[in-house]
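Residues 43 to 446 (the working numbering) are what the sequence shown spells out, left to right. Only one structure is covered here, and it is reproduced in the block below.
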Amino acid sequence: MIQQERFCSLPDYPFSRLRNLLDKVKPLGETLDFSIGEPKHSVPSFVAGEIVKHTNQLNNYPANFGSKKLLEAISLWLASRYSINPPSPDTDLMALNGSREGIFNATLALCNKNIDAVKPVILIPNPFYQCYLAAALAADAEPVFVPAMPSNSFLPDFSKISKKTLNRTSILMMCSPSNPQGAVADLNYWKSLLNLAELYGFKIFSDEVYSEIYRGIKPIGILQASAKLFHDPEKSLSFNSLSKRSNLPGLRSGFVCGGQRSIKSIKKLRSYGGAPLPIPVQEVSILAWSDEKHVEKNRKLYRKKYELADSVFKHFEGYNSPNAGFFLWLRVGNGEKLTYSLWKNHGVRCLPGAYLTNQKKNTKNFNDPGFDFIRIALVNSVEKTMVGLKKVAESLQAHPEKEI
Ligand SMILES: Cc1ncc(COP(=O)(O)O)c(C=O)c1O
């Protein structure tokens with residue numbers, strides 16, 4: 043019998059593909075990295091002291107689901123951020139080591155089982171945060187990709203999915219504000235997703251890690267939409283973290299909030315195989331969720347960079363000025379070719395859009411929603427961002443779309 047590893051169909055991770063593309067090339071001049079979505083603004087001032095203050099508690103096993111104090115801080119934050127009733131720290135919330143492991147493990151806990159050899163479906167936007175695919179495969183589900191195109195303001199149109207597929211759907215992954223396009227779902231959009239979820243009995247995993255990085259109106263989240271529209275709380279799960287909000291991706295601290303039954307199932311799995319947050323991390327997280335000043339400061343820096351991007355690219359046809367998040371999703375012709383030439387000729391490292399999509403090239407009429415794009419992470423200082431964006435614009439001007 044031929045044996046196959048469970049994850050053999052996973053493509054190489056985008057950054058390893060990027061290394062394969064670029065690492066053999068010696069770039070010209072000083073290098074600037076816009077490829078990884080790793081916040082580079084400063085760590086909040088209260089972090090170091092709080093970690094040190096609690097190091098003597100490292101000889102304790104931490105609470106599996108987060109301490110009561112941490113869950114209370116998160117509950118208060120959610121209530122104030124989304125004008126909802128505070129979720130119960132005991133039943134509606136759980137701390138996570140960042141949202142990535144949370145989304146992955148919650149998928150294992152909540153995805154339906156294969157019944158009569160019919161695989162459950164997990165709906166995934168395309169392009170997408172790569173964890174969603176691995177989670178679907180780990181749960182032995184069929185990932186079904188739904189394109190997020192300029193024609194839909196980069197929000198996937200889930201209403202186009204066939205009834206047959208919706209009947210098999212167990213989880214719908216949604217990311218708002220979205221990585222990579224910075225698209226934000228409004229109440230009407232949430233309404234149609236929540237209606238679908240109730241009609242077909244699936245859950246929505248709402249990845250909201252970019253919720254605090256926005257330029258205009260505060261993005262609404264799934265908990266707020268669900269409460270406003272009186273939907274069944276068991277259909278909605280919100281994932282968030284301190285990684286982008288507080289520039290703390292290295293802390294590994296996030297949470298999931300959802301219906302009591304969903305959270306109970308995730309907690310059950312976590313009791314067996316989860317890694318709880320170290321106590322000093324939980325203590326810092328309490329301070330971070332309770333403070334908005336550092337978040338506002340952070341947001342202001344990103345807003346400056348959106349303005350820079352607008353000033354540099356506003357004359358480029360089809361430029362998508364993001365509403366939120368910290369990426370530019372630029373239409374450039376052949377994204378991989380431009381990435382290569384930007385690195386070789388200008389030392390600017392970005393990510394080809396096609397590395398973030400599912401590319402079923404054998405599908406009839408398949409139109410890769412990432413092929414034409416590059417993703418630029420606006421994570422560097424305002425000064426470095428200015429230099430890098432100008433180089434991208436020069437390169438685009440020198441090589442208009444058809445020649446790239
Ligand atoms: C869309 C999206 N979701 C989730 C994550 C994971 O973030 P973390 O695990 O640090 O919370 C990222 C990180 O880049 C992301 O871009």
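Ideal Cβ placement from N, Cα and C applies to all residues, glycine included.
Best match in the options for proximity to residue i [C-alpha to C-alpha]
| i | options | result |
| --- | --- | --- |
| Pro53 | Gly79, Tyr103, Tyr397 | Tyr397 |
| Asp182 | Lys161, Asn194, Leu197, Gln172 | Lys161 |
| Ala366 | Asn156, Pro167, Leu343 | Leu343 |
| Leu112 | Val94, Arg287, Pro131 | Pro131 |
| Asp249 | Lys233, Ile213, Ile259 | Ile213 |
| Tyr55 | Gly377, Tyr174, Ser125, Val323 | Tyr174 |
| Pro318 | Gly377, Lys68, Asn102 | Asn102 |
| Glu92 | Tyr242, Gly375, Ser327 | Ser327 |
| Val67 | Ile308, Val390, Ile416 | Val390 |
| Lys205 | Pro169, Ser353, Val163 | Val163 |
| Ser109 | Ala148, Ser295, Asn147 | Ser295 |
| Cys50 | Ser353, Leu179, Gln223 | Leu179 |
| Leu393 | Gln46, Leu229, Asp75, Met43 | Asp75 |
| Ala148 | Leu229, Asn194, Ala176 | Ala176 |
| Gly430 | Lys245, Thr73, Ala267, Asn62 | Thr73 |
| Ile126 | His96, Ala269, Leu100, Ile262 | Ala269 |
| Asn230 | Phe247, Ala267, Gly375 | Ala267 |
| Gly258 | Arg142, Gln46, Pro364, Tyr242 | Pro364 |
| Gln439 | Thr399, Arg142, Gly375 | Gly375 |
| Lys386 | Phe146, Lys277, Val434, Ser280 | Val434 |
| Ser278 | Gly301, Glu184, Thr97, Ser218 | Gly301 |
As assigned by DSSP and simplified to three states, the class of residue i
| i | result |
| --- | --- |
| Asn282 | strand |
| Met428 | helix |
| Phe187 | strand |
| Asp249 | strand |
| Leu290 | coil |
| Glu445 | Note that Glu445 scores a pLDDT of 41, beneath 50, so its modelled location is shaky; the value from the coordinates is reported in the next line. In the structure shown, Glu445 sits in a helix (DSSP, three-state: H, G or I). |
| Pro167 | strand |
| Leu265 | helix |
| Ala148 | helix |
| Ala115 | helix |
| Leu319 | coil |
| Phe57 | helix |
| Cys299 | strand |
| Ile44 | coil |
| Leu120 | helix |
| Ile418 | strand |
| Leu64 | helix |
| Arg257 | coil |
| Pro394 | strand |
| Val85 | coil |
| Ala239 | helix |
| Ala137 | strand |
| Ala440 | helix |
| Ile78 | coil |
| Val226 | coil |
| Ile157 | strand |
| Gly71 | coil |
| Gln324 | helix |
Contact check, residue i vs residue j, beta carbons under 8 Å
| i | j | result |
| --- | --- | --- |
| Gln401 | Asp414 | no |
| Met216 | Ala227 | yes |
| Ile116 | Phe355 | no |
| Pro104 | Pro320 | yes |
| Ser437 | Leu372 | no |
| Ala330 | Leu370 | no |
| Val424 | Pro81 | no |
| Ser201 | Ser234 | yes |
| Tyr124 | Leu265 | yes |
| Leu60 | Ser87 | no |
| Leu208 | Leu236 | no |
| Leu152 | Val188 | no |
| Leu64 | His388 | no |
| Asn106 | Arg417 | no |
| Val337 | Arg287 | yes |
| Ala190 | Asn168 | yes |
| Gly140 | Phe368 | no |
| Ile262 | Leu135 | no |
| His83 | Asn289 | yes |
| Gln223 | Phe196 | yes |
| Phe485 | Thr211 | No information on residue 485 is available, as it lies outside the stretch 43 to 446 that the chain covers here. |
**Request:** Give, in chain order, every unbroken run of the alpha helix (DSSP H) that is at least 4 residues long and sits entirely within the segment 335–375.
**Result:** 335–355
**Prompt:** Residues with a Cβ closer than 6 Å to any heavy atom of ligand 1, in chain order?
**Reply:** Gly79, Gly140, Ser141, Arg142, Tyr171, Cys217, Asn221, Asp249, Val251, Ser283, Ser285, Pro291, Gly296
**Request:** Would you list, in sequence order, the uninterrupted beta strand (DSSP E) runs of no fewer than 3 residues that lie entirely inside the segment 187–217?
**Result:** 211–217
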